[in-house]
Structure formats: C-alpha cells, structure tokens
Amino acid sequence: MAGLGGRRPADRATRRPLTGPLPQDEFDRIFSRVPHRTVDVDVVSRAPGRSHEAPGVVWPQRVCGFARMRVRRAPAIIVAMRHRIVILGAGTGGTLTANRLRRVYGDSAEITVIDRDDRHVYQPGLLSVPFGLAEPDEIVRPRHAQLHHGIDFRVAEADRVETATNIVHLADGETIGYDVLIVATGAALLPEETEGLIGPGWDETVFTFYTLEGAVALRDALRTFDRGRLVVNVIDMPIKCPVAPLEFCFLADWYLRERGVRDDVELVYATPLDGAFTTPIAAERLAGLLADKGVIVETEFATGQVDATNGRLISWDEREIPFDLLVTIPLHGGAAFIARSPGLGDELGFVTADTATLQSRAAPNVFAIGDATNVPTSKAGSVTHFEAETLIENIGHFLDGRELTGSFDGHSNCFIETGFHRALLIDFNYDVEPLPGRYPVPHVGPLPLLKESRLNHLAKLAFQSIYWHVLLPGRDLPGISSQLQLAGKETELSAEPGAPR
Amino acid sequence: MTASTLIGVPVQRNAEGFFTDPHQWTEAMADEIARENGIDELTDRQWIVIRFMRNAYLENGSAPSIRTLGKVSGVPIKELYQLFPKGPAKLAAKIAGIPKPRGCI
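So the protein sequences, as listed, match chains A and B.
When we follow this note's numbering, the leftmost residue of the first sequence carries the number 5, and every step to the right adds one.
When we follow this note's numbering, the leftmost residue of the second sequence carries the number 433, and every step to the right adds one.
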C-alpha cells in the first residue's frame, strides 16, 4: 500500500473503507498500480445491516484488494469482502473442496485447511496392502502438497466448534473465526467401543485393514497363515467403503489359492445385515459369487464381544463364531471434536446435514462433506467427489445471500474387486439401487455395471492416478456426472422404482 | 410387491413383508404386523423401539443401527434382542412400516 501516496484504500484497524467518488484520473492512476479486477454491477451494493451507509460501498470483513465497479453513476472504489473459509480435514473432501473454492474465489477468499497430520492416505489402497498388492509408501503423500498455492494449510487438532459464535477452538487454545466452515474430517475407527476388541490379541490374531498400520500388520500375518478359520467381521454399519469387507473376502480367496493353502482355510464373512447383498437386483445377480468362492456367510450377526484369547466372536443374542484370525471392521464414528461441538453431530458424531444441500442443521454457514456427514448414502470417495459439486454451488449461493439450489442425490459408485484380476462396478443413489447396465456412457460403457469384468479391474487400478492428479486438484472427470444417470441402466428390473432404499 | 390388507386397509408390501411406502403405515396396523411375525401383543417397551425407529427413519432417511438404538432409544442392546428375537433392526423396522437396514449393494 506504500506506493499509493499515503492514500490507503481502507484502514484495517478500524475497518473503514474509502468511499467514492474519486476524480477519474486519480481513480485510473490507483488502479493501474495495484492488482485488481473489474466487475460490472447493475445495482449498487449495500452491506447487510449497514443500509444507513453510503451506497457504492461494500463494508468488508477483511480487506483484500480492489475491484473496479462500473456503475451507472460516478465510479467508486469498493473493497471486496474477503470471505474467511475454514475447512476442517485435508482428506479427499477437504482437499478437493479447498482446491475448487480457491479456483472459484482466488484471493477474494482466505481459505484455511486444518488437519491433525500431514499424511494423506489413498484409502482405497488399504485393501491392497494386506495382499502385497501395494506398498505402504505408494499410497501416502503429504497433505499440503495436494493443496493449491494460496491455500493456508495448518497442522493442528480441533477441540470444538462453537457455531453460535463462528469460532473453531483448537486443542492448543488458539481460536479461528470463520464466515463459512466446512467439516470434512471423515470417519474415525472406534475399536474401543466393542468389548474385548482391543486387548491381548490385537495385531496378533485380531487385525483391521482400515488403518495403514493395521493393513501392514495384517499383511505380515497373512504371509504365514496357512490353515484355520479366517473371519471377516463388520461390527455395525455405517462403515467406510461398505463393499471393502466383501472385497477382502474375494481377494483373500484369490491370495490363499495363489499360495496353495486355500483348501486348508475356512473363509467366513460375518455381517450384521441379513445378507452379503441386501439390494434386490444385486442379491439376485450376485447370489452365487460367495458360494462359488467357498465363502461362508453368517448373517444378522451383531457382534457384542470379542474373546481373542479363546478365538471367538460373541453376538448380542449369544451366538458364537470361532476364529483363528479375525479381520475386524471396527465401529465408526465422527471425529471426536464433533461430539464436543454443541448441536453439530448426531449420536455417532457424524455431522447432521441436509441430505440435499449438505448444509449443517446446526448453523446455515456450516457445511459438511464426505464420510463426516450423516447423509444416508455410502461413505466413499466417489460420494465425496459428487457432493463437492453441490457443496461449491451452495457455498457460493450462501455467500451471495441466495437460496441454496445445489441438490445432492446420494450418487455413489464403486468398484468391487472380486479377485483374479476382475472387478464389479456399481452405480446408485438415495433412490435407485445398483442396476445392470453400462457406465459411464449409456449403452456403450465401456464399463459393465453389476457384472464381473477385467476392464473394471483395470479401471480401478487406473483410478489411483486419477485420484491424485484429477480428483484432488478439483478438476472435472470428463463424462462423469455428479448426478446419477438412469440412461443405460436396466431400470425396468427394479421392483420398487423410486422407493427409498 | 404384494397387496394385502391390514386392519381392513389395503397396503403394499414387498416379498419380505416390508412396506414399500412407509406413509401407508399407521400405528393401528402395528399389532397385526407383530402377530404375523410371532409377537402376540406389543408391549410398551417394544413400542418405544418401534416409534424411535420410525421417527429416526423419517428424519434421516435410513433406519437406525443397533448401536444407535442402544445409545439413544432408551432401551439397552441386550434388551432389544429380548424384545425382538433374531434382531430388532429388521423385525422392529417391519413392524414400524419402514424399510429394513441395507448395505449399498
């Protein structure tokens, strides 16, 4: 500002903007020397609640630069409002949202992303680690390196959010104010909530591949596992990537066959649901898949206790499943700070959000994305990606004081590795169950839906590169719509079109 | 999908007996659905669970998990299994006129 001959466009301390009009020549002189953009407006803005002030001035919350406003009367300087956007979480949702917002708002928004570490794990890769199909360092990159220049990244632990005062309290006592808050802190694993799960057998006979450390420990155990009962158990829904436990079964079948020990291993899938496949068309189409691979399915098994010493799972209704090696998918909940934030989360710590707009029910300037929300669709990266489009649109509308029109439909799709270099692909939303068909181009594909194919497997492998280089940077995936497309799907098969899933 | 009548009112239910349109359900139908499923008369404790599940579904669009029921319905998980043999999630959902809990596939 020193080059402006002492004429400061605004005083940061008192938050008083300079009001116009200025002589045209001085106006041009100032604007030729500072970075600015020109905007056309039909109506002179007034700041909310400041209607007694002079028109032509937008009262700032933060001063960030200049815009040149062409109005019908005399030219005036406006000081653009610099939006303070705080994003909690730098995983899939936080990163791609920050990058997209940066692209939309540039320097007119101050974007701060906070995470408790700088380690971004490509979570789909966790499934590959136990079978030696990926090395741990291949699926981890620094979080900060995924964020565009101009985004402020901080490593800090959130303690709580006070939505009434628009303040994030960090664990070290620091406070951060925001105009818009986006909660993208994902889902946390809560093995301690199941009696006996964390105990003498943890990482010895009881493992989870839902963390990188757990996936590595499981890899080491599987290398020498050559006889006995391998039980894969989902303790309760919701979980991240709900198909991953099934994929683990399929890949374990392949892996044990490759090692020549499959006949000496009983492979069991224990689920709290009433089947491995619970949507009608998928259940019909895929009925034989588990039986063909010799996977024993235990249904409606709600685990109440794990007795690792004696190798048994015990359900709430006192059924037992013996195991030699347990692969558990522990209970999930939201990040711990959500429970400490008044009104923000549900009983499991997931942010209660409008299923269509993704706006928090706690406050209109708080939004949530990805696994952190309680919206009734899968906790999966594809969902997060599709939600981002709605989120960016709605944040824009919110900042403009307009009605939120972005509407998320629950769209999700995911590959399901079935072993032997083949995979399924499913595509669904809040209302439409997975159906056969072709994706992404209707009737053409090339990927078949709800059907095993080698092409689906290759697409899944290719996706890892797309994740880092297209999805996280916030670029569009050509041909991939954020809304579910019914074209190309065999919709006539669905017994309950439009019925809630 | 099959048409049937409950307390003399025609309703649509799927092959497993779950309502295809939860809004066709009324509380007066619950006892008859319970009898179809081997529960002679619904107790007050069972009604707590049924009403909780239905309200949760109507609010969030999905049936609550066992864990949610145990945390906030006011009925401990052990008792839930006594009230609804083979599991409250499915049977109570059926009696409450809402869809059963489902995975994504």
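Ideal placement from N, C-alpha and C gives every residue a C-beta, glycine not left out.
Limits of the unbroken alpha helix (DSSP H) element including residue i
i, result
"Ile509(B)", "Ile509 to Leu515"
"Val481(B)", "Asp476 to Asn492"
"Ala462(B)", "Glu459 to Glu468"
"Asp350(A)", "No alpha helix (DSSP H) contains Asp350(A), which DSSP labels as neither H nor E."
"Glu288(A)", "Pro284 to Arg289"
"Ile527(B)", "Pro520 to Ile527"
"Gly200(A)", "No alpha helix (DSSP H) contains Gly200(A), which DSSP labels as neither H nor E."
"Ile537(B)", "Segment: none, Ile537(B) is in no alpha helix (DSSP H) and carries neither H nor E."
"Phe97(A)", "It should be pointed out that residue 97(A) corresponds to Gly in this sequence rather than to Phe. First-last of the alpha helix (DSSP H) with Gly97(A): Thr96 to Tyr109."
Neighbour list for residue i in chain A, Cβ cutoff strictly below 7 Å
i, result
"Ile537(B)", "Val247, Phe281, Thr283, Ala286, Ile430 and Pro438"
"Trp504(B)", "Before going further, note that residue 504(B) is Val rather than Trp in the sequence given. Those are Glu351, listed as they occur along chain A."
Contacts around residue i, its chain only, beta-carbon distance under 8 Å, and the 5 residues preceding and following it disregarded
i, result
"Leu216(A)", "Val125, Leu130, Val133, Pro140, Ile143 and Val144"
"Leu451(A)", "Leu429, Arg442, Tyr443, Pro444, Ser457, Leu459, Asn460 and Ala463"
"Ala357(A)", "Gln363, Ser364, Arg365, Phe371, Ala372, Thr377, Asn378 and Val379"
"Ser497(B)", "Ala521 and Pro533"
"Leu506(B)", "The residue asked about is misnamed: residue 506(B) is Gly in this sequence, not Leu. Taken in chain order, the residues that qualify are Ile480 and Phe484."
"Leu194(A)", "Pro334, Leu335, His336 and Gly337"
"Val184(A)", "His87, Arg88, Ile89, Val90, Asn369, Val370, Phe371, Ile399, Phe402 and Leu403"
Where residue i falls, given that 16 or more other Cβ within 10 Å makes a residue buried
i, result
"Ala187(A)", "Sequence inspection shows Val at residue 187(A); the Ala mentioned does not correspond to that position. Label assigned to Val187(A): buried."
"Leu490(B)", "exposed"
"Val331(A)", "buried"
"Val436(A)", "buried"
"Pro533(B)", "buried"
"Ala495(B)", "buried"
"Pro249(A)", "buried"
"Gly405(A)", "exposed"
"Pro146(A)", "exposed"
"Arg486(B)", "buried"
"Thr228(A)", "exposed"
"Ile465(B)", "buried"
"Pro482(A)", "exposed"
"Pro368(A)", "exposed"
"Lys510(B)", "exposed"
"His153(A)", "exposed"
"Val441(B)", "exposed"
"Lys518(B)", "exposed"
"Ala274(A)", "buried"
Chain-ordered chain A contacts of residue i [CB-CB under 9 Å]
i, result
"Pro533(B)", "Met241, Pro276, Leu277, Asp278 and Thr282"
"Ile509(B)", "Ala306, Gly308 and Trp320"
Sequence-distant residues of the same chain with beta carbon closer than 6 Å to residue i, five excluded per side
i, result
"Asn398(A)", "Thr361, Leu408 and Gly410"
"Phe327(A)", "Arg233, Val235 and Gly315"
"Asp278(A)", "Thr303 and Glu304"
"Leu226(A)", "Pro134"
"Gly492(A)", "Gly441, Arg442, Pro446 and His447"
"Gln478(B)", "Leu515"
"Arg289(A)", "Leu454"
"Ile202(A)", "Pro195 and Glu196"
Residue range of the beta strand (DSSP E) that includes residue i
i, result
"Asn398(A)", "Unbroken run through Asn398(A) is the alpha helix (DSSP H), Gly385 to Leu403; no beta strand (DSSP E)."
"Ser469(A)", "Careful: Ser469(A) lies outside any beta strand (DSSP E), inside the alpha helix (DSSP H) at Arg458 to Ile470."
"Cys418(A)", "Ser416 to Gly423"
"Thr116(A)", "Ala113 to Asp119"
"Ile325(A)", "Glu324 to Pro326"
"Tyr3(A)", "This structure cannot settle anything about residue 3(A), because the visible part of chain A is limited to 5 through 505."
"Leu453(A)", "Gly449 to Leu453"
"Tyr273(A)", "Val269 to Ala274"
Contacts of residue i in chain B (Cβ-Cβ under 9 Å)
i, result
"Tyr434(A)", "Gly493"
Per-residue contacts from residue i into chain B (C-beta, under 7 Å)
i, result
"Pro380(A)", "Asn492, Gly493 and Ser494"
"Ser486(A)", "Those within 7 Å of Ser486(A) in chain B number zero; the least Cβ separation is about 17 Å."
Contacts around residue i, its chain only, beta-carbon distance under 7 Å, and the 5 residues preceding and following it disregarded
i, result
"Asp350(A)", "Thr356 and Asn378"
"Thr307(A)", "Thr198, Asn237, Ile239, Leu317 and Ser319"
"His425(A)", "Arg458 and His461"
"Ala503(A)", "Model confidence at Ala503(A) stands at a pLDDT of 43, short of 50, so the residue's coordinates are unreliable; what they give is reported in the following sentence. Within the same chain, Ala503(A) has no close Cβ partners at all."
"Arg445(B)", "Thr434, Ser436, Phe451 and Thr452"
"Ala524(B)", "Val481, Ile482, Met485 and Phe516"
"Lys297(A)", "Phe254 and Asp257"
"His56(A)", "Any reading at His56(A) needs caution, since the residue's pLDDT is 39, under 50, leaving its predicted position unreliable; the model's value is listed next. Once the five neighbours on either side are set aside, His56(A) has no close Cβ partner at all."
Residues that residue i contacts on chain A, provided the C-beta gap is smaller than 8 Å
i, result
"Lys518(B)", "Glu304 and Asp321"
"Lys522(B)", "Asp278 and Glu304"
Contacts of residue i in chain B (Cβ-Cβ under 8 Å)
i, result
"Ser416(A)", "Cys536"
Interface flag, residue i vs chain D, CB-CB below 8 Å
i, result
"Pro204(A)", "The structure shown contains no chain D; the protein chains it does contain are A and B."
What residues from the stretch 474–501 of chain B come within 7 Å of chain A, judged by C-beta to C-beta, listed N to C? Listed in sequence order: Asn492, Gly493, Ser494, Ser497, Ile498, Arg499 and Thr500.
Along the stretch 102–119 of chain A, what residues have a CB closer than 8 Å to any CB found in chain B? Per Cβ criterion, the list is empty.
Which residues, taken in chain order from the stretch 243–257 of chain A, show a beta carbon closer than 7 Å to some beta carbon of chain B? Listed by position, the residues of the stretch 243–257 of chain A near chain B (Cβ gap below 7 Å) are Pro246 and Val247.
Near-chain B residues of the stretch 334–361 of chain A - C-beta to any C-beta below 7 Å: Answer in chain order: Leu335, Glu351, Leu352 and Thr359.
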